[in-house]
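Data block below; observations after.
Residue numbers (our numbering), protein chains in the order written: chain A, 496 to 686; chain B, 8 to 202.
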């Protein structure tokens with residue numbers, strides 16, 4: 496075992512570099528071969544796209560925004576107080592009618608948000624396709640992902656096109672945030 | 008491997024926090040490990056598409072399991088253990104093209120068997136490279152461990168975490184690995200000695 500320890504140490508730390516006997520030089524060659532094996536492994540990797548896909552999935556599975564149990568235990572007392580205060584404030588504002596809309600037909604507008612919109616439909620694929628088609632007519636590319644039966648769409652619409660895009664999406668009941676960042680997920684509606 | 012326990016515990020805290028901190032931690036970990044994990048999956052027979060899916064599954068499990076990291080060992084080895092478990096789960100549900108250390112024996116083909124000194128002898132380098140490739144085809148998991156030793160500087164502790172075994176079992180595992188590798192590399196030693 497002591498031999499193995501020494502061998503491991505040499506292999507990981509290149510301790511035998513320089514004036515070493517042949518066996519040690521062979522270990523150098525082995526280290527080179529191992530590095531080469533790792534680096535020569537061919538793999539298609541589009542980091543940015545795959546990271547976006549991962550975030551889409553994490554959001555879909557409610558894993559991005561929800562604190563873990565350990566964090567929740569630490570912050571729960573504060574959160575509970577904050578929740579009660581916020582609830583009270585919302586109730587008061589709601590009752591005051593301060594934000595009641597004067598024009599009920601206006602398309603919904605989300606301001607400064609990159610929140611994920613989730614819409615349940617019978618056919619997520621077709622619904623997503625409709626959005627993609629409408630955006631394509633405006634020359635706007637949309638990134639599309641699938642997770643199970645859900646279909647997600649993300650795109651950032653240039654400021655100049657936001658109003659036109661909003662008009663195109665309104666009939667589909669899709670709200671476009673004021674910053675033009677559309678993050679939409681169609682889920683299959685339960686029967 | 009540069010040990011960064013401070014940085015590691017920060018990353019875990021961010022992962023546990025949720026929201027933007029979690030997003031930042033996932034981004035950091037993804038940038039650091041995604042390519043290596045995919046290489047690992049590809050070396051075990053996954054296609055590019057399967058490797059991409061396994062990568063997603065691995066990171067979902069990392070987020071889900073953030074609470075279970077105790078902070079006593081290496082975060083890196085813990086992440087690799089999750090990648091390995093994800094791969095093994097996939098193997099259980101789908102017949103793999105290559106199983107972890109369960110392939111048919113295969114000899115190093117085309118090994119050059121003459122030449123002299125090992126110092127700067129390209130024949131020896133070529134022999135070792137071919138031998139290790141053959142070894143990796145025969146013992147995929149052994150080879151993977153050696154890659155982590157050389158590339159990331161793993162020791163027994165990381166190996167134990169990766170394989171979910173005891174420290175002693177990790178030592179025995181590496182000992183076996185070394186013995187099997189020696190059989191493959193033996194012809195190269197002969198080349199180096201000019202036999």
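Note that CB positions come from ideal geometry on N, CA and C, so glycine has one too.
Check	Outcome
Do the segment 69-85 of chain B and the segment 46-59 of chain B touch if we need at least three Cβ pairs shorter than 8 Å?	no
Looking at the strands, I want to know which residues DSSP matches up with residue 487 of chain A.	Because chain A spans 496 through 686 in this model, residue 487 of chain A falls outside it and cannot be assessed.
Is there at least one Cβ from chain A nearer than 8 Å to residue 149 of chain B's Cβ?	no
When DSSP labels each residue in this structure, what does residue 669 of chain A get in the three-state scheme?	coil
By how many angstroms is the C-alpha of residue 185 of chain B removed from the C-alpha of residue 175 of chain B?	15 Å
Cα separation between residue 635 of chain A and residue 675 of chain A?	11 Å
Helix, strand or coil: how does DSSP classify residue 54 of chain B here?	coil
Leaving out five residues before and five after residue 204 of chain B in sequence, what residues of the same chain have Cβ atoms less than 6 Å from its Cβ?	Residue 204 of chain B cannot be examined here, being either before or after the span of chain B that is shown, 8 to 202.
What is the residue span of the beta strand (DSSP E) that residue 616 of chain A lies within?	612-616
Based on the DSSP secondary-structure assignment, which residues constitute the bridge partners of residue 651 of chain A?	A/676
By DSSP, does residue 183 of chain B sit in helix, in strand, or in coil?	helix
Can you look up residue 88 of chain B in the DSSP assignment and give me helix, strand or coil?	helix
On the DSSP letters alone, give me the boundaries of the alpha helix (DSSP H) that residue 143 of chain B sits inside.	129-145
Three or more C-beta pairs under 8 Å: does that hold for the segment 16-35 of chain B against the segment 624-644 of chain A?	no
For residue 598 of chain A, would you say it is in contact with chain B, using Cβ-to-Cβ distances shorter than 8 Å as the test?	Any reading at residue 598 of chain A must be qualified, since the residue scores a pLDDT of 46, below 50, and its modelled position is unreliable; no value is offered.
Among the candidates A/576, A/583, A/500 and A/549, whose CA atom is the shortest distance from the CA of residue 649 of chain A?	A/549
Anyone know if the C-beta pair for residue 678 of chain A and residue 612 of chain A falls short of 8 Å?	yes
For residue 95 of chain B, which of B/191, B/19 and B/170 has the nearest alpha-carbon?	B/170
Which value, in whole angstroms, describes the spacing of the CA atoms of residue 618 of chain A and residue 23 of chain B?	35 Å
Just verifying my parser: in three-state terms, what is the DSSP assignment at residue 80 of chain B?	coil
In terms of residue numbering, what span does the alpha helix (DSSP H) encompassing residue 167 of chain B cover?	163-170
Which residue from A/681, A/682 and A/652 puts its Cα closest to that of residue 673 of chain A?	A/652
Residues of chain B with a CB under 8 Å from the CB of residue 676 of chain A: which are they?	What residue 676 of chain A touches in chain B: nothing, since even the nearest Cβ is about 15 Å away.
So residue 528 of chain A contacts chain B; which residues on that side make the cut at Cβ distance below 7 Å?	135, 136 and 139
Whole angstroms is fine: what's the gap from residue 98 of chain B's alpha carbon to residue 541 of chain A's?	25 Å
Could you check the C-alpha separation between residue 505 of chain A and residue 180 of chain B for me, to the nearest Å?	17 Å
Within the continuous alpha helix (DSSP H) that includes residue 620 of chain A, where are the two ends?	619-632
If I measure Cβ to Cβ from residue 49 of chain B and keep anything under 6 Å in the same chain, skipping five residues before and after, which residues do I get?	58
Using a threshold of 8 Å, state whether the C-beta atoms of residue 150 of chain B and residue 163 of chain B are closer than that.	no
So, is residue 25 of chain B buried or exposed, given that buried needs 16 or more other C-beta atoms within 10 angstroms?	buried
Below 7 Å on C-beta distance, what does residue 536 of chain A contact in chain B?	46, 49 and 50
Exposed or buried, residue 147 of chain B, counting other C-beta atoms within 10 Å across all chains shown (16 or more means buried)?	buried
Distance check for residue 143 of chain B and residue 72 of chain B, CA to CA, integer angstroms please.	30 Å
Output yes if chain B places a C-beta closer than 8 Å to the C-beta of residue 583 of chain A; else output no.	no
How close, in whole Å, do the beta carbons of residue 132 of chain B and residue 527 of chain A come, if the pair is a contact with beta carbons under 8 Å?	7 Å
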